[in-house]
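Shown next, in structure tokens, is the structure this report addresses.
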């Protein structure tokens, strides 16, 4: 409801008995007028709900209907939706229809998320917003413009407040170390209303701390001491979610055991190297014998290197 104050002046005369004028002057009066948004005396009105609710990741419809003083209108009509504030807010959707037989062609659709589902020719400017994100939580204002000789424009002043809800979701769950070489587990979840976080684990007796920012909450589990599975559970009125991490501490072995393990590993490597060298030598010798036994052509000098000691030149035969 809006209130407007006007000052009205008029000339007045005060008459006495027998038609005698007692005085003349100007009278000022203060008049207060209250207007309810959506109800206008000139035939214009816009009807929108004060609030709407949508779920993260889903779609929501923002309804908007209007009336105008013209019986018929077949000229260009423009539909506009803004956010944050009326008249000067950012335009997130705009479409234009040039005649009653023409569809409303989209000129602006921020991030391609906005779609007209109403029919402006039937006084309906309702839109749908797809794939809601946290940034879509805002106040929305619808506006209609009649162009041409009439050039009438009208816009909602109060707008629609879009509230978002979301079931819990585990955003991150990790295990890290502190400066004093102890360990901690950290769980971050989001949702609306803000979910409550609970840690469970083996012999659970660890201290916890929590911090929240916007639609996210983080809870830390201090000084992990026992091995095993640690579970983080997030709950709000729209559902629950769980995430888990596994924590195991590796105990340091004694110095003598470490030396033994090192020598064993070194011995295995040396043994493997000797086996490989032996296989290579035997394979080379066997390959040379094979070539001399089954050579269909004269063997080059390079292939005789491996069996030079076994080949003896024939002594020249003396003529008889």
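In the UniProt record's numbering, the protein residues as written are 1 to 320.
A virtual CB, placed ideally from N, CA and C, is assigned to each residue, including glycine.
Coil, strand or helix - residue i by DSSP
i           : result
residue 153 : strand
residue 50  : coil
residue 372 : Any property of residue 372 remains undetermined from this structure, which presents the chain solely from 1 to 320.
residue 59  : coil
residue 121 : helix
residue 269 : helix
residue 24  : Only weak support exists for where residue 24 lies, its pLDDT of 47 falling under 50; the value from the coordinates is given anyway. Note: residue 24 maps to strand in three-state DSSP.
residue 244 : strand
residue 221 : strand
residue 201 : coil
residue 280 : helix
residue 259 : helix
residue 213 : strand
residue 189 : strand
residue 77  : strand
residue 285 : helix
Where residue i falls, given that 16 or more other Cβ within 10 Å makes a residue buried
i           : result
residue 87  : exposed
residue 143 : buried
residue 43  : exposed
residue 279 : exposed
residue 246 : exposed
residue 282 : exposed
residue 192 : buried
residue 71  : exposed
residue 45  : buried
residue 229 : exposed
residue 48  : buried
residue 92  : buried
Strand pairing of residue i, partner residues [DSSP]
i           : result
residue 163 : 53
residue 45  : 67
residue 183 : 177
residue 85  : According to DSSP, which records beta bridges pairwise, residue 85 is partnered with nothing at all.
residue 235 : 196 and 240
residue 105 : 96
residue 208 : 221
residue 172 : 188
residue 249 : None, per the DSSP bridge assignment.
Closest Cα partner of residue i within the set the options
i           : options               : result
residue 221 : 125, 183, 48 and 60   : 183
residue 196 : 130, 186, 219 and 66  : 219
residue 146 : 58, 242, 238 and 75   : 75
residue 66  : 269, 216, 156 and 94  : 156
residue 237 : 209, 190, 73 and 274  : 190
residue 139 : 180, 119 and 163      : 163
residue 96  : 177, 90, 77 and 137   : 77
residue 152 : 137, 194, 68 and 112  : 68
residue 113 : 81, 121, 120 and 89   : 81
residue 160 : 85, 123, 214 and 210  : 85
residue 134 : 165, 126, 125 and 123 : 165
residue 242 : 59, 188 and 274       : 188
residue 130 : 62, 123, 231 and 206  : 62
residue 118 : 273, 64 and 235       : 64
Should the segment 172 to 179 be regarded as contacting the segment 97 to 114, the criterion being three or more beta carbon pairs within less than 8 Å?
no
Evaluate the contact criterion for the segment 257 to 269 versus the segment 221 to 230: three or more CB pairs, one atom per stretch, below 8 Å.
no
Is the segment 39 to 57 touching the segment 102 to 113 in the sense that three or more CB pairs, one from each, lie closer than 8 Å?
no
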